[in-house]
Every structure is written in C-alpha cells, then in structure tokens.
Amino acid sequence: MNKTKKIVAIFLLVFIIGTLAGIFGYLNTKITTFDECETAGWLVRSITVYDGFGPIEKECTLWGGKHFVKQRTQEFTGDQKNDTTTTASNNSTSESLLILFSYHHGNTEKIAKAMAGVLGAQIKTPQQINPEELQEYRLIGFGSGIYDQKHHISVLDLADELPQVTNKKAFIFSTSGVARKFAPDADDPHTPLREILQSKGYVIVDEFNCAGWNTNSILKIFGGMNKGRPNAEDIKDAEEFAQNLQQNRSL
Ligand SMILES: Cc1cc2nc3c(=O)[nH]c(=O)nc-3n(C[C@H](O)[C@H](O)[C@H](O)COP(=O)(O)O)c2cc1C
1312 MNKTKKIVAI FLLVFIIGTL AGIFGYLNTK ITTFDECETA GWLVRSITVY DGFGPIEKEC
1372 TLWGGKHFVK QRTQEFTGDQ KNDTTTTASN NSTSESLLIL FSYHHGNTEK IAKAMAGVLG
1432 AQIKTPQQIN PEELQEYRLI GFGSGIYDQK HHISVLDLAD ELPQVTNKKA FIFSTSGVAR
1492 KFAPDADDPH TPLREILQSK GYVIVDEFNC AGWNTNSILK IFGGMNKGRP NAEDIKDAEE
1552 FAQNLQQNRS L
C-alpha cells in the first residue's frame, strides 16, 4: 500500500469511528426515560431487577453511562416501615434519625436497621425528609449503597438542599462492593457526601462501611461478589458502631 492509500484508509477509519461515535452519542441523548432505555436495544449495558425493599424496582444502564430507574409502585413506607418500627422506636421525639437509600439488595438497609435498633432511631428515605425537620434530631446518620464511587444521588441531593446548621452531629454509613478498608488508596466513596455535609456545618462524628452483595452489571453472571454480606459479623460491627455513637453522644 502506498503512502496516499494509507492516508486515505486512516482518514476513512477515523471518519467511520467519528460518525459512529456521533450517532451513538446522539442516540444516547435522545433517551430520557426508563421506558425508552428499556427498549433501546444495543445501547443498553444492563437492566437490573432489584429484590431489596427499596423504592426502585428496575434500573437500566446505557453503555454511555446514563442510568434510569423504575420506581416500585408500592410505597417505600410499606413493608420496610413496618419492619423498621419493630426495631426502632418510631416516635417523633427520637433523638436520632437515619436517612437511608438502599435498593440493590437491601444491603445497607440491614446495616441501618441494626444501628437503628441500638440508637432507637427512625429510618426514612431522602424522599420522606423535609430538610427543616432535621432540626429536631441531635444525631443524623446518612447512608446508602455506594454507586459509582459515591452515595446514592438522592442522598447527595438531599444533603445539597439542607439548610446551614451549627455543629450538628452526623455520621455516614454505607455498604459497597469493595469495602473501604480494602481500598485505602482508592478514592474514598464517602468523600462527596462528607464534603457536602461539612460545608453545611455538620460535624461527622464517625463513619461505617462494610461489604455488600453486588450483582451489578457483568457480576450477576457469576452470582455476584460478597454473597451473604452483610453477614452476622457485619451486623454485629454495625451494632457496636452504634453503641459507640450512643456513648459519645453525650460528650
Ligand atoms: C449501579 C451500581 C453501581 C455500583 N458501583 C459501585 C462502586 O462504584 N464501588 C463499589 O465498591 N460498589 C459498587 N456497587 C456495589 C454496591 O455498592 C453494593 O452492592 C451495595 O451493598 C448496594 O447496597 P444496597 O443493597 O443497600 O443498595 C454498585 C452497585 C450498583 C447496583
């Protein structure tokens, strides 16, 4: 192949790749709802059906990275609230509140319930929170699974909307595919939430994380990672964490 032919071939290749990328990007931007995502064929990377008690029934992820969720028709305050009220005192004078979003397998929900049982705390979703009501609580826990190296967007959005406070105590909790303690050099997935809360005047008194069953994307083909987590030991750790908070709360 002479030089001119080579240049033409390279030009054509770049042109074809550029055109395909353009079409791909354009088709991705056209998809704006879960229903459109679910029927987007080859543009879809994964459709996950969740068996947790969270408010999300399905999640559709495009190769381009966009996520869309289908909400459960049943309210989150259904089974989970009934369960929660048995482990946590569900009265408005409770001093502690846990704000939780747990949808993948209900992993973080298990941790939240263990903590709530010790703290006598209520558990609410970000959607159930009126930012002003947080003034009533002395200690607030913010938690969810870790998705794309940060807490769930609904928790981050709520934190963004919170009014400024002075030295209100908060803690952060999560479950994740890769437990934080095993990835000390990776970006800390708690940082985005921590930074928002601190900017609002919250004092982060402690943080909890453990592994959670993860069947995201290709992992589900192999049954996922961390099956069985959180396990009994994780629950015990969560209870001990809450006991420490309880003891330090009076300081
Ligand atoms: C869409 C998606 C993205 C995830 N991204 C991460 C991640 O970036 N890092 C990680 O360690 N785990 C990741 N995971 C695993 C979850 O953090 C883990 O399964 C967690 O326990 C889920 O909590 P949940 O059942 O309370 O929703 C991801 C899971 C899903 C479904």
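Position one of the sequence shown corresponds to residue 1312 (the numbering used here), numbered consecutively onward. Positions of the beta carbon are idealized from the N, C-alpha and C atoms, including for glycine.
At least three beta-carbon pairs within less than 8 angstroms, the stretch 1449-1465 to the stretch 1410-1430: yes
Can you list, in chain order, the residues of its chain with a C-beta nearer than 6 angstroms to that of T1359? Leave out the 5 residues immediately preceding and following it. E1370
What is the rounded straight-line gap between the Cα of Y1448 and the Cα of P1437? Distance between the alpha carbons of Y1448 and P1437: 15 angstroms.
Boundaries of the alpha helix (DSSP H) in which L1354 is found, first to last residue: Careful: L1354 lies outside any alpha helix (DSSP H) and carries neither H nor E.
Given 7 angstroms as the limit, tell me if I1464 has its C-beta closer than that to any heavy atom belonging to ligand 1. no
Specify the secondary structure class of Y1513 as computed by DSSP and reduced to three states. The answer is strand: DSSP assigns Y1513 an E or B state.
Can you tell me whether F1552 is buried or exposed? The criterion is at least 16 other CB atoms within 10 Å of its CB, across all chains shown. buried
Is F1569 buried or exposed, if buried means 16 or more other CB atoms sit within 10 Å of its CB? No answer is possible for residue 1569: it lies beyond the span of the chain, which begins at 1312 and ends at 1562.
Proximity winner among F1322, D1468, L1354, I1529, relative to I1342 (alpha-carbon distances): L1354
What are the residues that DSSP puts in a beta bridge with F1484? G1454, F1519
So, using beta-carbon positions, are I1486 and P1541 closer together than 8 angstroms? It should be noted that the sequence gives Thr, not Ile, for residue 1486. Less than 8 angstroms divides the Cβ of T1486 from the Cβ of P1541.
Excluding the five sequence neighbours on either side, which residues of its own chain have a C-beta within less than 8 angstroms of the C-beta of I1515, listed in chain order? For I1515, the CB contacts under 8 angstroms within the same chain, skipping 5 residues up- and downstream, are A1481, F1482, I1483, R1505, L1508, Q1509 in chain order.
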